[in-house]
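Asker: End of the sequence shown = 1466 in this note's numbering, gap-free, step of one.
I'd like to ask you about the structure that follows.
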Amino acid sequence: MDYPYFESGRFYVGCNYWASHAGTYMWRNWRPEVVKQDFEMMAKAGLRLVRMFPLWPDFQPLEQMYGGGGTRCEYSLKGHPLPDTWEGQCGVDVEALDKFAYLLECAEQNGIKLMVGLVTGWMSGRLFAPPAFEGRNLLTDSEVIKWQVRMVRCIVRRFKEAPAIVAWDLGNECNCMAPLASDADAWCWNNAIASAIRLEDSTRPVVSGMHGLSCDDHRKWRPWDVGELNDILNTHPYPIFTPYSGLQRVNTLRNAMHAAAESRLYAEIGGKPCTVEEAGNLGSMYSSPQTASAYLNNMLWNAYAHDCRSLLWWCAFDQTQLPFPPYEWNAMERELGLFDADKKETLPLKTLGAFQRTIDSLAITLPKYRRNAVCILSQGQDTWGVAFASFILAKQAGFDIEFQYAKQPLKEADAYILPSIATDTAIYQYRYKELLAKVEAGASLFVTWAGGGLQPFEKVFGARPEWRYQEAAPRSVTLEGTSITLTQSLRMGLSAPNAAVCATDEKGMPVLTLGRYGKGQVAFLASGIENELAPKPEAFLPEATPAWRFYAWFAKVAGIQRILRSNDPFITCTEHFIDAKHAYVIAVNNTPEARPFQPTLADGWTIVKPLVGSLDGVPANSAIILELLSQKN
């Protein structure tokens, strides 16, 4: 289901908000005139969507009252018994609700829409909880959950008619609030809060608000569980917090793709839309304003092209002068604002505003981009690292992939990639048989190997593993006249009695084979290039080994057709079909230097005009949008 403010093809920029004068203490140090001015400034700068937070202990300031021997007697609210009102019995402070109502008026008056993070107990590295619940597990303690549910119902019931609110968020990164014993604990907490929201308001989407999910079976917070319970998933793609992202400068390919790759991973495995809910450069010690602005612009274009629907910066205002935690604890939390300490606009803010104006000027609903292959992530591997590298390699090779997990029902496709299989349980037999049935009927399959096992193998691939061994030295593989360096130490001695050898190493050992299985084709690469590249700082830079050529080779084998190819592995494209004869192409330059644009068009297709930019080239960390037309009858 597409909700009106998060429908596919639209895109909105904005930020996360704490009041400029007080940060997380805005509700206890309430200054309505400052909040009013903050919203006026945000609206004037072109921000459309703001995520804000009713801090849990300020909205539900419960205290536990004790009797003799430390026995628990009752809860109190500001030192008094709970009032006999709906709000009182929910433990919610009416004064806090009234402050929230004023903020809603400020948002409505300035044309800003709000995403409300309801259970905000974790913020910027500090845990916040009502005094009554300090020291308890905030995600599994049934007494705590009962009161969380009551607070959520109270807030949602009070404000469900507010036109400024477009989504209810579970809270800020609630998976950071407490340790869990199992994924069932995560499911039960999420279900309790999401159900409480829907009990009071079934008209708005529920957003997960989480700090990172994992596709590994043994992890607690997983996209398929969170997607089952929420309407919209989200990413918080900070380079230094996400593995394999902070290995290069933020304004280069790896980080330019991070937000889009992680968001598509969650959306496609979770089965729900995914937005970029928090993003930022994490302050002046991590990049200059100029670099941060370029990084943001690149991230925005990739997020827009890959159906991420919105991007919110962290956060609205610098918090450099606040004498309390988390701002006193952590330098990273102070200089993150779109407005600096003097309330002057920063370069990232100007970038957000300019991007929104560009998108608005197009006056189009962007069709979803076309995917050309399904990438099956398997058990026992580093799923994020493999997914991230697969996404980038496919983009460099000139096509787009769609993710799924090996245990999920097999998606329909003409081409499948099973990257970096790492264990003998990588894909269960019943799903492997389904995959082979697709190939037998005519699909193409590309498997890359990081030590895992498939059975049957030789019967399918026409190649035979002769032995395994370890060798530390890198090897040079020649593919279609291009030398590619591989560093995986685990080697496979491979023969190809019933397959073509398409690439060999310097010793003449087969590394890449191609065979037939039924009506389809099966390719096998005896190296897990995705697993190799993800942790390498130099990977995905212009001077790096061109491992993307393996994916480009497979695209030719599988007959993947594109209406436009950029012919530059650092200018990546998405194709958006209006109908069979009309399409838009977004070409993004993922480098800090302007690059010439010399694309190849499929037969019968012509470029009508650039909607954004020009055909002379693609600016640094930016994009052009082209309108294309087919002349074929």
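For each residue, glycine too, the CB sits at the ideal point set by N, CA and C.
Note that the structure is predicted; figures quoted are calculated from it, not measured.
Roughly how many angstroms lie between the CA atoms of Q942 and I988, to the nearest whole one?
Answerer: Taking the straight line joining both Cα atoms gives about 21 angstroms.
Asker: Tell me whether E1291 sits in a helix, a strand or coil according to DSSP, three-state version.
Answerer: helix
Asker: How big is the Cα-Cα spacing for A1356 and F1279?
Answerer: Rounded to whole angstroms, A1356 and F1279 show a C-alpha spacing of 5 angstroms.
Asker: Exposed or buried, which one is Q1464 when buried takes at least 16 other CB atoms within 10 Å?
Answerer: exposed
Asker: If contacts are defined as beta-carbon pairs under 8 angstroms, then F1172 and A1149 qualify, I think. What distance do you get, rounded to the angstrom?
Answerer: 7 angstroms
Asker: What distance in whole Å lies between the Cβ atoms of L1185 and L880, which are believed to be in contact at a cut-off of 8 angstroms?
Answerer: 7 angstroms
Asker: What residue range does the alpha helix (DSSP H) around G1218 cover?
Answerer: Element bounds for G1218: T1216 to A1230.
Asker: What residue does the alpha helix (DSSP H) around K1442 start on, and which one ends it?
Answerer: Taken as a continuous stretch (DSSP letters only), K1442 belongs to no alpha helix (DSSP H), being part of the beta strand (DSSP E) at W1438 to V1445.
Asker: Report yes if the C-beta distance between V1418 and E1408 is below 7 angstroms; otherwise report no.
Answerer: Contact flag set, yes.
Asker: Which of the three DSSP states is assigned to Q833 in this structure?
Answerer: The chain is shown only over 834 to 1466; residue 833 falls outside these bounds and no answer can be derived.
Asker: According to DSSP, is V977 helix, strand or coil?
Answerer: helix
Asker: Check this for me: beta carbons of L1195 and L1444, under 7 angstroms apart or not?
Answerer: yes
Asker: To which residues of the same chain is W1147 closer than 6 angstroms at the C-beta, ignoring the five residues directly before and after it?
Answerer: Taken in chain order, the residues that qualify are N849, E1111, G1113 and L1169.
Asker: Bridge partners for G1314 per DSSP, in chain order?
Answerer: For G1314, which the question treats as bridged, DSSP gives no partner whatsoever.
Asker: List in chain order: all unbroken alpha helix (DSSP H) runs of 4+ residues lying wholly within the segment 1329-1374.
Answerer: For the segment 1329-1374, the full-length alpha helix (DSSP H) segments reaching 4 residues or more read 1362-1366 along the chain.
Asker: Please say whether L930 and R991 have beta carbons closer to each other than 7 angstroms?
Answerer: yes
Asker: Less than 8 angstroms between the CB atoms is what I'm expecting for W1217 and P1368, so what's the real figure, rounded?
Answerer: Contact between W1217 and P1368 does not hold, since their C-beta atoms are separated by about 11 angstroms, which reaches or exceeds 8 angstroms.
Asker: Can you name, in chain order, every residue of its own chain whose Cβ lies under 8 angstroms from the Cβ of G900, other than the five neighbours on each side?
Answerer: C906
Asker: In whole angstroms, what separates the C-alpha of A1125 from that of P1181?
Answerer: 7 angstroms
Asker: Among the residues of its own chain, which have a CB less than 6 angstroms from the CB of R1167, if the five just before and after it don't count?
Answerer: So the list reads Q1152, T1153 and Y1160, once near-sequence residues are dropped.
Asker: Can you give me the C-alpha to C-alpha distance between Q1327 and Q1303, rounded to a whole angstrom?
Answerer: The sequence given here has Leu at residue 1327, not Gln. If I take the Cα positions, the gap works out to 14 angstroms.
Asker: DSSP three-state call for G1285: helix, strand or coil?
Answerer: coil
Asker: Please classify I1317 as buried or exposed, where buried requires at least 16 neighbouring CB atoms within 10 angstroms.
Answerer: buried
Asker: My understanding is that L1226 touches Y1384, with C-beta atoms under 8 angstroms, so please give their C-beta distance in whole angstroms.
Answerer: 5 angstroms
Asker: Quick one: grab the DSSP three-state call for A1413.
Answerer: coil
Asker: Can you give me the C-alpha to C-alpha distance between G1446 and L1459, rounded to a whole angstrom?
Answerer: 9 angstroms
Asker: Check whether the segment 1082-1095 touches the segment 1265-1281, counting contact only when three or more Cβ pairs, one atom from each stretch, lie closer than 8 angstroms.
Answerer: no
Asker: Taking C-alpha atoms, which residue in M898, V925 and T918 lies nearest to G912?
Answerer: M898
Asker: Taking all protein chains shown into account, decide if P887 is buried (16 or more other Cβ within 10 angstroms of its Cβ) or exposed.
Answerer: buried
Asker: By DSSP's criteria, F1236 is part of a beta bridge. Which residues make up the other side?
Answerer: C1208
Asker: By the three-class DSSP mapping on this structure, what secondary structure does A1274 have?
Answerer: coil
Asker: Between M984 and A1136, what straight-line distance do the alpha-carbon atoms span, to the nearest angstrom?
Answerer: C-alpha of M984 to C-alpha of A1136: approximately 34 angstroms in a straight line.
Asker: For a test of the three-state rule: what should DSSP assign to H913, helix, strand or coil?
Answerer: strand
Asker: By how many angstroms is the C-alpha of Y908 removed from the C-alpha of P916?
Answerer: 11 angstroms
Asker: Can you say whether G944 is buried or exposed, counting buried as having 16 or more other CB atoms within 10 angstroms of its CB?
Answerer: exposed
Asker: In the DSSP assignment, find the unbroken beta strand (DSSP E) run with W1300 in it and report its ends.
Answerer: R1297 to Q1303
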